[in-house]
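J.:
2 protein chains.
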Amino acid sequence: MPKQVDHTSRRLHIARAVCHLADERGLEGVTLRDVAAKAQVSMGAVQRCFRTKEEMLVFALEYVGELIMERIQTRLVRSPAQSAGTALGHAATEISLLRKEHRAEARVWLAFVAQAVVSKALAKTLKANYAALQEAFTRLISEADEDTHRAVPLDPRREARTLLALADGLTTHVLIGQLTPREAHDVLHTHMASLWD
Amino acid sequence: MPKQVDHTSRRLHIARAVCHLADERGLEGVTLRDVAAKAQVSMGAVQRCFRTKEEMLVFALEYVGELIMERIQTRLVRSPAQSAGTALGHAATEISLLRKEHRAEARVWLAFVAQAVVSKALAKTLKANYAALQEAFTRLISEADEDTHRAVPLDPRREARTLLALADGLTTHVLIGQLTPREAHDVLHTHMASLWD
DNA sequence: CCCGTACCGATGCGCTCGCATCAGAACGCC
DNA sequence: GGCGTTCTGATGCGAGCGCATCGGTACGGG
Chain G
2 MPKQVDHTSR
12 RLHIARAVCH
22 LADERGLEGV
32 TLRDVAAKAQ
42 VSMGAVQRCF
52 RTKEEMLVFA
62 LEYVGELIME
72 RIQTRLVRSP
82 AQSAGTALGH
92 AATEISLLRK
102 EHRAEARVWL
112 AFVAQAVVSK
122 ALAKTLKANY
132 AALQEAFTRL
142 ISEADEDTHR
152 AVPLDPRREA
162 RTLLALADGL
172 TTHVLIGQLT
182 PREAHDVLHT
192 HMASLWD
Chain A
2 MPKQVDHTSR
12 RLHIARAVCH
22 LADERGLEGV
32 TLRDVAAKAQ
42 VSMGAVQRCF
52 RTKEEMLVFA
62 LEYVGELIME
72 RIQTRLVRSP
82 AQSAGTALGH
92 AATEISLLRK
102 EHRAEARVWL
112 AFVAQAVVSK
122 ALAKTLKANY
132 AALQEAFTRL
142 ISEADEDTHR
152 AVPLDPRREA
162 RTLLALADGL
172 TTHVLIGQLT
182 PREAHDVLHT
192 HMASLWD
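Chains as they are written, first to last, in the numbering used here: chain G, 2 to 198; chain A, 2 to 198.
Below is the structure:
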């Protein structure tokens, strides 16, 4: 066996470069040459890792998706000390990106969402991520609602959809500068409070 | 004076072609040549109407923005027979595009939103539209809340932000197929009900 | 009637894109 | 240590892009 290269780590390395570029100039501004330059590898290396540009983009989307999902799932793990509702609030807040160090990921995410509308390959990955997120939210809301004994219980699925859509919409509005992160947080907090407090 | 041409109507005609293409293939797939072909005019005509491609895109965004805003504003006009809350519900539903004949506009809108994150010219127009919408929502919510005498009145601005973000998020989720229009409507209806019914 | 001006459509230019190609370097195995 | 396989980076290619240009055309005023 001759020279061997760790393709997996290189693909990740390139995916990160893709995200940096997508953040700076949008998805349209991502070219193979620029990706190679940003990742400090030759164009040939990029081409060997991904047969086509779209394959590269899909991989990058999956990468960013995993990053974000992981971050949210961390918040969703209900620590003994906190209620399910609190965990949900944290998770939703995480989505609405109060922290600016995660703003870049969200910009990339938004770019991919827009692209997914016209690209089947991207749409598939995107939907899978959203479905998983909705599932997790549904479970936690159901859990939180059992703690609260109320006359008419919530419909967990519907509330999960609401929360997810709201968080997503807030994210978008923060990204384009229509809302400040603080305002988004305020909206989210009030919404959560209307459910349980 | 020699031959004269109605530039305004031609610009609108071209803007419609831009929207059709953006709907079909995304914003990236919009080229001057294709726009000219779709609009059934020569490339030269397009170039005379718009000095650069970006100028054309900005104009198209404004056009689509006006279309959508007009449609929503129509719903927001409170007819004597209906409560302010009902009007709001209709308007929000309109945003969440139950009707598939307006799906195309929303796709174009989403494409522009994603692009606006990296383009200042687009962002300016976009924010102006959102601000106007939020203003209208705020006013109507305030109105609706005065009708309902409750102990703790709502914060109209915050509720407007909530409603707008929720409607926007739902729109996105419908567009990528994560939700059906029916589910989106259900979510929106329940949210409105939690405010006033 | 005809001249000047504003429109028209076609073509060309320079550039960048994604992708293919290829000679040479690097490395594990016999 | 030679060999074969795998990796490497540079270069080429055809296509498509935005934009500039230009001769021809149609039309209104003098």
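For every residue, glycine included, the Cβ atom is placed at its ideal position computed from N, Cα and C.
Chain G partners of arginine 108/A, CB-CB under 7 Å?
T.: Against chain G, the beta carbon of arginine 108/A has neighbours under 7 Å at Val118, listed in chain order.
J.: I'd like the list of long-range same chain contacts for glutamate 63/G, defined as Cβ closer than 6 Å, with 5 residues on each side in sequence excluded.
T.: Thr126
J.: Beta-carbon within less than 8 Å of histidine 21/G's beta-carbon, same chain only, minus the 5 sequence neighbours each way: which residues are those?
T.: Lys39 and Ala105
J.: Applying a beta-carbon distance threshold of less than 8 Å, which residues of chain G neighbour lysine 128/A?
T.: Ile177, Gly178 and Gln179
J.: Less than 9 Å separating the beta-carbons of alanine 107/A and valine 175/A?
T.: yes
J.: For arginine 162/G, is the classification buried or exposed, using 16 other Cβ atoms within 10 angstroms of its Cβ as the cut-off for buried?
T.: That one is buried.
J.: Check for me: the alpha helix (DSSP H) holding aspartate 156/G runs from which residue to which?
T.: Counting along the chain, aspartate 156/G falls outside any alpha helix (DSSP H), and DSSP gives it neither H nor E.
J.: Taking the alpha carbon of proline 182/A as the point to measure from, which residue in Ser195/A, Leu171/A and Gly45/A has its own alpha carbon closest?
T.: Between proline 182/A and the set Ser195/A, Leu171/A and Gly45/A, the nearest pair of CA atoms involves Leu171/A.
J.: Is there at least one Cβ from chain G nearer than 9 Å to valine 188/A's Cβ?
T.: Yes, valine 188/A lies at the interface with chain G (some Cβ there is under 9 Å from its Cβ).
J.: So, does the CB of alanine 61/A fall closer than 9 Å to a CB anywhere in chain G?
T.: At a cut-off of 9 Å between C-beta atoms, alanine 61/A does not count as an interface residue with respect to chain G.
J.: What is the C-beta distance between leucine 134/G and methionine 44/G, in whole angstroms, given that I count them as a contact (C-beta under 8 Å)?
T.: Contact flag wrong, Cβ pair sits at about 35 Å.
J.: To the nearest angstrom, how far is the alpha carbon of glutamate 55/A from that of tryptophan 110/G?
T.: Spanning the two alpha carbons is a distance of roughly 23 Å.
J.: Is the beta carbon of alanine 166/A sitting closer than 9 Å to the one on leucine 28/G?
T.: Not a contact, by the Cβ cut-off of 9 Å.
J.: Going by Cα to Cα distance, which pick from Glu160/G, Gln83/G and Leu189/G is closest to phenylalanine 186/A?
T.: Per the sequence shown, the amino acid found at residue 186/A is histidine instead of phenylalanine. Nearest option by C-alpha distance: Glu160/G.
J.: Comparing the C-beta of arginine 159/A with each C-beta of chain G, is any distance below 9 Å?
T.: yes
J.: Could you check whether phenylalanine 138/G and leucine 68/G sit closer than 9 Å to each other, using their CB atoms as the reference points?
T.: no
J.: Quick one: using the 10 Å Cβ neighbour count with 16 as the cut-off for buried, is serine 97/G buried or exposed?
T.: buried
J.: State yes or no: is the C-beta of arginine 34/G within less than 9 Å of the C-beta of valine 119/A?
T.: no
J.: Measuring only the C-alpha atoms, how far is histidine 179/G from alanine 124/A?
T.: The sequence shown places glutamine at residue 179/G, not histidine. The straight-line gap from Cα to Cα measures roughly 10 Å.
J.: I'd like to know if threonine 75/G contacts chain A, where contact means its C-beta is closer than 9 Å to some C-beta of that chain.
T.: no
J.: Residues in its own chain within less than 7 Å of glutamate 144/A by CB, not counting five upstream and five downstream?
T.: Ala85
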